[in-house]
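Shown next, in structure tokens, is the structure this report addresses.
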Amino acid sequence: MMRLTIKLFGPQAAAAACDTVEVELDDDKATCRDLRLALAQACPAVAQTLDASRFAVNCELVDEDHPVEARDEIALIGMVSGG
Numbered sequence: 113m114m115r116l117t118i119k120l121f122g123p124q125a126a127a128a129a130c131d132t133v134e135v136e137l138d139d140d141k142a143t144c145r146d147l148r149l150a151l152a153q154a155c156p157a158v159a160q161t162l163d164a165s166r167f168a169v170n171c172e173l174v175d176e177d178h179p180v181e182a183r184d185e186i187a188l189i190g191m192v193s194g195g
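Written as structure tokens, this is what we have:
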């Protein structure tokens, strides 16, 4: 069992009414894909934004198949627009 803390920002933090969410993953070889599923269950308020978001692991944007470990710093980065 692995416990991970995910940092939230902006509209996602507002929707969740918090700036971090903790999830537990059964698999020690979990990926961001597993993390996305766990986050959707743990925080339904954020679930609808996940398709338009990416994870940053240790300050780097990563793909869905990127492995995650308990010691990683993880952030959910929502889509941003500007000009």
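Quick note: to get this note's numbering, add 112 to the position in the sequence shown (first position is 1).
For glycine and all other residues, C-beta sits at the position ideal for the given N, C-alpha and C.
Contact set for residue i: own chain, Cβ-Cβ below 6 Å, skip 5 residues either direction
i	result
K119	T132, A187
E185	N170
D177	T143
Rounded Cβ spacing between residue i and residue j (contact assumed at less than 8 Å)
i	j	result
V135	A154	5 Å
V158	L151	6 Å
L162	L116	Rounded, the Cβ-Cβ distance is 15 Å, inconsistent with contact.
M114	A182	5 Å
Cut-off 8 Å between Cβ atoms - residues of its own chain near residue i, not counting five sequence neighbours on either side
i	result
V174	C144, R166, F167, A168
A129	A157
Q124	V158, T161, S165, L188, G190
Close beta carbons around residue i, own chain, < 7 Å, minus the five adjacent residues each side
i	result
K141	P179
G122	G190
V192	none
Collapsed DSSP secondary structure at residue i in the structure displayed
i	result
R183	coil
V174	coil
V158	helix
L120	coil
A168	strand
Beta bridge counterpart(s) of residue i as assigned by DSSP
i	result
M114	L137
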